[in-house]
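Numbering (my numbering), first residue to last: 3 to 215. Ideal placement from N, C-alpha and C gives every residue a C-beta, glycine not left out.
This is the structure:
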């Protein structure tokens with residue numbers, strides 16, 4: 003299993019602490035603090051290697067389906083605003099893979115950052131948290147599909163890699179959120195949700211909606 007490049011800096015910091023702890027433990031009278039520092043550094047590095055894991059996946063890419071952009075548990079499936087847009091929200095705990103994948107094939111129309119708060123990602127208030135919004139024009143469709151990467155209480159950094167005009171295949175990696183967070187997909191009127199709150203989903207693998215026309 004590979005590790006996302008964003009994690010290597012964190013892993014390196016932990017290993018520096020391990021080395022410093024080993025050197026400190028070898029100094030006279032500092033054995034216990036040195037071993038503690040080395041142990042904490044090893045735990046931190048191991049956790050970061052686990053958190054930033056980026057498994058390869060054979061994504062099905064059925065053009066009639068819309069896939070989850072993240073691993074986690076479905077928080078809600080609701081119409082949050084005017085019109086016929088249905089929003090599917092997924093909570094990503096610190097134990098889930100945090101690399102996001104495109105929910106369908108299409109061309110990126112717009113990417114913008116939206117300032118906001120940092121409420122815990124599993125709470126309803128998180129819908130107005132700081133987030134990155136990507137508007138995607140699905141292949142063969144007139145209505146856009148909007149995917150959001152949403153910061154949480156701990157997650158304070160979001161990366162969305164595509165630029166406007168780039169084409170993404172369904173299941174293609176497109177971004178990462180650092181630590182616990184949330185993702186949301188706003189389904190247009192020409193699609194319907196196919197998941198319910200409480201269901202576990204996997205990025206690029208689990209259909210969360212399907213096109214109806």
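Anticipated Cβ contact below 8 angstroms, residue i with residue j, distance rounded
{"i": "residue 170", "j": "residue 104", "result": "4 angstroms"}
{"i": "residue 133", "j": "residue 150", "result": "5 angstroms"}
{"i": "residue 210", "j": "residue 195", "result": "6 angstroms"}
{"i": "residue 177", "j": "residue 139", "result": "Their Cβ separation, rounded to whole angstroms, is 18 angstroms, which puts residue 177 and residue 139 out of contact at 8 angstroms."}
{"i": "residue 167", "j": "residue 76", "result": "Rounded, the Cβ-Cβ distance is 31 angstroms, inconsistent with contact."}
{"i": "residue 207", "j": "residue 69", "result": "7 angstroms"}
Residues near residue i by beta carbon distance below 6 angstroms, same chain, minus five either side
{"i": "residue 40", "result": "20, 23 and 24"}
{"i": "residue 47", "result": "13, 16 and 17"}
{"i": "residue 32", "result": "26"}
{"i": "residue 179", "result": "100, 151, 157 and 160"}
{"i": "residue 125", "result": "none"}
{"i": "residue 37", "result": "27"}
{"i": "residue 188", "result": "87, 89 and 148"}
{"i": "residue 106", "result": "68, 140 and 172"}
Per-residue burial, residue i [other beta carbons within 10 Å of its own, 16 or more giving buried]
{"i": "residue 71", "result": "buried"}
{"i": "residue 14", "result": "exposed"}
{"i": "residue 29", "result": "exposed"}
{"i": "residue 214", "result": "exposed"}
{"i": "residue 98", "result": "buried"}
{"i": "residue 43", "result": "buried"}
{"i": "residue 200", "result": "exposed"}
{"i": "residue 9", "result": "buried"}
{"i": "residue 92", "result": "buried"}
C-beta contact flag for residue i and residue j at 9 angstroms
{"i": "residue 74", "j": "residue 159", "result": "no"}
{"i": "residue 67", "j": "residue 186", "result": "no"}
{"i": "residue 4", "j": "residue 57", "result": "yes"}
{"i": "residue 55", "j": "residue 6", "result": "yes"}
{"i": "residue 193", "j": "residue 102", "result": "no"}
{"i": "residue 65", "j": "residue 11", "result": "no"}
Close beta carbons around residue i, own chain, < 8 angstroms, minus the five adjacent residues each side
{"i": "residue 155", "result": "120, 121, 122, 123 and 182"}
{"i": "residue 127", "result": "119 and 121"}
{"i": "residue 86", "result": "190 and 191"}
{"i": "residue 50", "result": "9, 12, 13 and 16"}
{"i": "residue 165", "result": "110 and 113"}
Neighbourhood of residue i by C-beta, 7 angstroms cutoff - its chain only, sequence neighbours within 5 removed
{"i": "residue 197", "result": "76, 79, 90, 203 and 210"}
{"i": "residue 174", "result": "103 and 104"}
{"i": "residue 162", "result": "113, 134, 136, 151, 176 and 177"}
{"i": "residue 35", "result": "26"}
{"i": "residue 130", "result": "118 and 119"}
So, do the region 100-119 and the region 78-88 have three or more beta carbon pairs nearer to each other than 8 angstroms? These segments do not touch.
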